[in-house]
Structure formats: structure tokens, C-alpha cells
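To start, the structure under review is shown below, and the notes come after it.
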Amino acid sequence: MTMPGTGTAEFDLDDQRAERAPRPLRSVRSFRVGEVGCKVNQWEGQWLREGLVALGLEESSEQELADLFVVNSCSVTGSGGSKSRHMIRRLVRQNPGARVIVTGCYAVSDEEVCRNLPGVVAVFGNEDKDAIVPWVAREILGMDGPLPDLPRGISRFQGHTRAFVKIQDGCRDHCTFCIIPSLRGAIRSRSQEDLLEELRRLVACGYKEVVFTGVHLGYFGWDLDEDDALIRLLRAARTVDGLERVKLSSIEVHEITEELVQLFAEDPFYLPHFHLPLQAGCDRTLRRMRRKYSTERFRSAVRRLRAAIPDPCITTDVIVGFPGETDEDFDASFAFCREMSFAKMHIFPYSVREGTPAAEYAGKVAPEAIKDRKGRLAALDDVMADHYRRAHLDRVAPTLIEDRPGHSGSLTGLTDRFLRVDLDGPDALRGRIVPVRLEAVEGDRLRGRLATGEAAS
Numbered sequence: 068m069t070m071p072g073t074g075t076a077e078f079d080l081d082d083q084r085a086e087r088a089p090r091p092l093r094s095v096r097s098f099r100v101g102e103v104g105c106k107v108n109q110w111e112g113q114w115l116r117e118g119l120v121a122l123g124l125e126e127s128s129e130q131e132l133a134d135l136f137v138v139n140s141c142s143v144t145g146s147g148g149s150k151s152r153h154m155i156r157r158l159v160r161q162n163p164g165a166r167v168i169v170t171g172c173y174a175v176s177d178e179e180v181c182r183n184l185p186g187v188v189a190v191f192g193n194e195d196k197d198a199i200v201p202w203v204a205r206e207i208l209g210m211d212g213p214l215p216d217l218p219r220g221i222s223r224f225q226g227h228t229r230a231f232v233k234i235q236d237g238c239r240d241h242c243t244f245c246i247i248p249s250l251r252g253a254i255r256s257r258s259q260e261d262l263l264e265e266l267r268r269l270v271a272c273g274y275k276e277v278v279f280t281g282v283h284l285g286y287f288g289w290d291l292d293e294d295d296a297l298i299r300l301l302r303a304a305r306t307v308d309g310l311e312r313v314k315l316s317s318i319e320v321h322e323i324t325e326e327l328v329q330l331f332a333e334d335p336f337y338l339p340h341f342h343l344p345l346q347a348g349c350d351r352t353l354r355r356m357r358r359k360y361s362t363e364r365f366r367s368a369v370r371r372l373r374a375a376i377p378d379p380c381i382t383t384d385v386i387v388g389f390p391g392e393t394d395e396d397f398d399a400s401f402a403f404c405r406e407m408s409f410a411k412m413h414i415f416p417y418s419v420r421e422g423t424p425a426a427e428y429a430g431k432v433a434p435e436a437i438k439d440r441k442g443r444l445a446a447l448d449d450v451m452a453d454h455y456r457r458a459h460l461d462r463v464a465p466t467l468i469e470d471r472p473g474h475s476g477s478l479t480g481l482t483d484r485f486l487r488v489d490l491d492g493p494d495a496l497r498g499r500i501v502p503v504r505l506e507a508v509e510g511d512r513l514r515g516r517l518a519t520g521e522a523a524s
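Just add 67 to the spot in the sequence shown (first one is 1) and you have the working numbering.
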């Protein structure tokens with residue numbers, strides 16, 4: 068299985084990855100794919116599903132037994148690795164005799180641990196994912212001769228009304244707390260041609276909205292020596308008939324160009340939700356994290372977005388308890404977050420990752436201090452998120468209707484500014500983008516009503 072723009076991974080079916088493989092078993096007919104972690108892993112999980120289906124295997128539901136599992140694991144934090152281990156053990160316990168293939172970041176960071184888990188028959192690194200489906204074909208299913216055509220991307224995004232589209236892999240920034248550059252490998256961008264073809268397939272399957280995702284979107288096209296590759300891809304996506312809106316999953320503040328701001332300001336096709344990872348609102352901490360910006364540069368980028376786009380949704384990530392973070396450092400970070408008035412903060416306690424510079428830093432923060440700081444930021448997040456929701460009351464927002472959760476009986480959807488809204492309406496609205504008037508705040512979501520014929524405001 069070859070990802071466009073990445074090349075085929077060098078892979079010998081007789082190497083150590085195949086040592087524990089069973090002899091060819093034609094009786095294996097069902098599979099499930101499990102993902103832990105990020106949007107990239109979710110896209111890759113769908114890509115693997117479509118590849119295994121192309122081999123003639125049948126995907127089992129959560130309630131059914133399966134013969135084969137592929138786990139796309141996570142190791143960005145210690146909890147990601149723990150969740151990956153627990154998933155593997157649970158799947159084997161619930162499916163005695165099942166075979167498990169482990170891939171993803173945990174398969175790289177803790178390869179030997181993965182190999183020794185019960186039921187695991189093969190372990191593939193991130194740069195070897197191309198080889199998983201061919202390996203299953205040869206070693207598990209015993210296929211000889213040419214393999215069927217295998218997908219270069221995805222055609223649907225199972226269980227979702229909007230689709231993630233992976234456009235690149237890899238990062239070269241080497242922030243001192245982050246293990247991802249060593250786990251994800253070199254920067255690898257998909258070609259614009261293949262991405263546009265994937266968008267057309269998704270539209271043909273009924274998708275109206277896509278989210279461009281990657282390990283570091285700003286590096287899209289870097290390995291291909293293509294200038295302004297992300298801008299050109301965004302403009303090209305506008306030409307795909309039937310696609311109604313596009314969002315970026317995350318972008319760094321130093322990668323927000325005037326051209327990008329102008330593009331999002333002038334055309335509602337590009338959703339004004341910007342996830343800008345801050346990590347810390349204190350310049351001393353940012354320097355020790357080896358981030359590529361100061362608080363002033365971050366502030367400037369946010370001001371530019373807000374000056375050009377009415378009420379953009381700006382969300383962020385913040386780490387608390389980074390080694391050496393003093394009470395004064397945290398107070399500065401807290402004040403900066405309050406000044407930025409984020410629509411949502413994802414708050415993470417610092418997680419030691421062996422092999423990163425920060426793992427050797429002095430000044431470890433006490434667990435009780437980390438808990439207190441996380442709680443203070445979470446309380447601030449509640450206030451800021453509520454303020455952002457209330458600022459949109461009595462407006463009409465184009466909303467992608469997603470589902471009807473069983474607990475409420477109402478439909479639920481996401482507005483163009485990433486606000487969760489519940490409303491009454493028929494099931495026929497699912498997957499459609501419709502105008503919704505936002506009328507009330509109910510906890511962490513809004514209540515609205517269908518506003519057919521009303522213009523967005």
C-alpha cells in the first residue's frame with residue numbers, strides 16, 4: 068500500500084517483523100482496526116480498513132468477534148502508550164486466538180514491549196505502514212501472485228459526517244518536550260493531484276466538509292520543494308464540485324501568512340477555526356521548550372486574524388508543569404491565556420518522554436502543583452468558552468448536522484466556528500449544511516432552530 072507522495076517503504080517480509088507470524092491461514096476472514104490518539108491516526112485507520120477490505124476481508128462490528136486486529140497506536144504522552152497497551156490486551160481477551168498487528172507511534176517508541184504482548188504477530192513502524200496490507204495478504208491470507216489494487220487514499224470516513232484528510236506526515240521542529248519527530252520519521256507530503264482525487268471520492272460518498280490534517284501542516288510540500296503548497300492546495304480544493312467547506316486541523320502561529328489570512332477572510336468556504344498550539348504563555352518557558360515564537364508574536368498573529376475575520380474560533384493547547392515552570396511562570400502563562408480569550412483550551416499535564424531534552428531538565432514540578440495549575444486553567448477555560456458561545460447568540464450559523472445522540476433525541480451539529488449546537492429536525496438533515504439560529508446556551512453547547520431562508524449573520 069503506497070501513500071501518494073511518500074514512496075514505498077523498504078520492507079523485507081522475511082525480516083524480524085515477520086518472525087512471529089503464523090503460517091498462512093486462509094480461514095482468517097474478519098478484521099477490525101483500532102486507533103488511539105490523533106486525527107492522523109484516525110485517517111490512517113480508515114486507509115487501512117479500505118486496504119484490508121480490498122483483500123476480501125470483512126470488517127467486524129464492535130459487538131462481533133474478529134480474526135485479525137490492526138492497532139494504530141499513540142505515544143505522544145505516557146497515557147497514549149498506556150491506552151494502546153490496554154486496547155491490545157482487551158482485544159485479545161475478548162477475541163481468543165485473534166492475531167494483532169501493532170503500528171503507529173507506540174510501535175516505534177516501545178517496539179519490544181509491543182512484540183511481547185499476547186496475540187501480537189507483527190509490529191510495523193510509522194514509515195512501514197505501506198507494508199501492512201501486503202504483509203497480511205502474503206503471510207496471513209497466503210495470497211500468491213499480483214495483489215488486487217490497493218487504495219492510495221480513502222473514499223469515506225467511517226462513522227463521521229465530516230472527513231479528515233491527511234496531507235502530510237512528519238515534523239522537524241524538535242521541541243524539547245516532544246518525541247513525535249523521532250517517531251513519525253521524515254517529512255512526507257502527499258501530492259496535490261492525489262489529494263484532489265481523494266476529495267472527489269469523499270464528495271461522491273456524500274461528504275460536504277473535510278479537515279486537512281497532518282503531523283505538522285506547515286511542512287506540507289517542504290519535502291517536494293514546493294513554495295506555498297498549503298495555500299495552493301486550499302485554492303485547488305475550492306474547485307472540487309460539491310465540496311462546501313474546508314478546515315485546517317492545526318497550524319503554528321509563525322506559519323500564518325497574510326495570504327492565508329486573506330484567503331480565510333474573503334471566502335466562507337474556508338472555516339474560520341484556527342487551532343494555534345501555544346503550549347505556554349510565558350516567554351521563558353517557550354524558550355526552554357524551543358518553540359519558534361514569543362508571546363508577542365503569538366499575540367500579533369491572533370490580532371491579525373481577529374482584525375480580518377469576524378469572531379474567528381481560536382483554540383489552543385497548553386502544557387502545565389513543564390520542568391522549571393515556576394509559580395511566576397505559570398501566572399504569566401495564565402494571564403496570557405486570559406488575554407487571548409481562547410474559545411477552547413486543551414490542557415495537558417507535562418508528560419516525560421524519554422529521549423527528549425526536557426526529560427533531563429532540572430526543576431521537576433510537584434504533582435500537586437501540576438494538578439492545581441491544570442484546575443485553574445480549566446476554570447478559566449470554562450469562562451472563556453462560555454463567553455465565546457454567548458457572543459454568538461441570536462446569530463444564524465451554517466451548521467453541519469452530524470447525528471442524533473440517543474440521550475437527547477435532538478440533532479446535533481457543528482457551526483462554521485466549531486460551536487456544538489443541538490436542534491430539532493428530521494433525520495434527512497444529517498450530513499447537510501443548513502442555517503441554524505443560535506438561541507440559547509445549554510451547558511457546553513448551544514440550542515438552536517432551523518432557520519431555512521435566513522442568511523448567515
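A virtual CB, placed ideally from N, CA and C, is assigned to each residue, including glycine.
Task: Distance, Lys-411 Cα to Ser-524 Cα - done: 22 Å
Task: beta strand (DSSP E) segment containing His-340, residue limits - done: 340 to 342
Open item on the list: Can you tell me where the alpha helix (DSSP H) holding Arg-268 begins and where it ends?
Closed with: 259 to 271
- [ ] Please check the pair Leu-115 and Val-100, which I expect to be a contact at CB under 8 Å, by giving their CB distance rounded to whole angstroms.
- [x] 5 Å
Task: Assigned secondary structure, Phe-397 (DSSP; H/G/I helix, E/B strand, else coil) - done: helix
Open item on the list: Which residue marks the beginning of the alpha helix (DSSP H) containing Asp-453, and which one marks its end?
Closed with: 434 to 457
Open item on the list: So, with DSSP's three-state summary, where would you put Leu-92?
Closed with: The predicted model places Leu-92 with a pLDDT of 36, which falls under 50 and marks its position as unreliable, so this point remains unresolved.
TODO: Compute the Euclidean distance between the alpha carbons of Leu-517 and Gly-273, then round it to the nearest angstrom.
DONE: 21 Å
TODO: Compute the beta-carbon to beta-carbon distance between Phe-279 and Ser-316, rounded to the nearest angstrom, for a pair I have assumed lies under 8 Å.
DONE: 6 Å
Task: Proximity test, Cβ basis, 9 Å: Phe-279 and chain C - done: Among the protein chains of the structure shown there is no chain C, as only one such chain exists.
Task: Buried versus exposed, by CB contacts within 10 Å (16 or more), Gln-161 - done: exposed
- [ ] Could you tell me which residues DSSP puts in a beta bridge with Gly-101?
- [x] Val-138
TODO: Rounded to whole angstroms, what's the CA-CA distance from Ala-32 to Ala-446? Just pull it up for me.
DONE: This structure gives no information on residue 32, because the portion of the chain shown stretches from 68 to 524.
Open item on the list: Assuming Val-107 is part of the alpha helix (DSSP H), what are its boundary residues?
Closed with: 106 to 121
Task: Contact the stretch 297 to 315 vs the stretch 346 to 362: 3+ CB pairs below 8 Å - done: no
TODO: Between the Cα of His-227 and those of Leu-505, Val-508 and Gly-498, spot the shortest distance and give me the residue it belongs to.
DONE: Gly-498
Task: Backbone secondary structure at Lys-196 - three-state DSSP - done: helix
- [ ] Using three-state DSSP, classify Arg-358 as helix, strand or coil.
- [x] coil
Open item on the list: Suppose contacts are defined by Cβ-Cβ distances below 9 Å. Is Ala-58 in contact with Phe-389 by that definition?
Closed with: Absent from the structure is residue 58, since the part of the chain shown begins at 68 and ends at 524.
Task: Cα-Cα separation between Ala-399 and Arg-366, rounded to whole angstroms - done: 14 Å
Open item on the list: Going by C-alpha to C-alpha distance, which of Glu-206, Ser-97, Ile-247 and Arg-239 sits closest to Gly-104?
Closed with: Ile-247
Open item on the list: Is it buried or exposed, Gly-442, if we count other Cβ atoms within 10 angstroms and call 16 or more buried?
Closed with: exposed
TODO: Look up Thr-382 in the DSSP assignment and say whether it is helix, strand or coil.
DONE: strand
- [ ] Excluding the 5 residues preceding and the 5 following Ala-253 in the sequence, name in chain order all residues of the same chain whose CB lies nearer than 6 Å to its CB.
- [x] Gly-237
- [ ] Would you decide whether Thr-306 is buried or exposed? Buried here means 16 or more other CB atoms lie within 10 Å of its CB.
- [x] exposed
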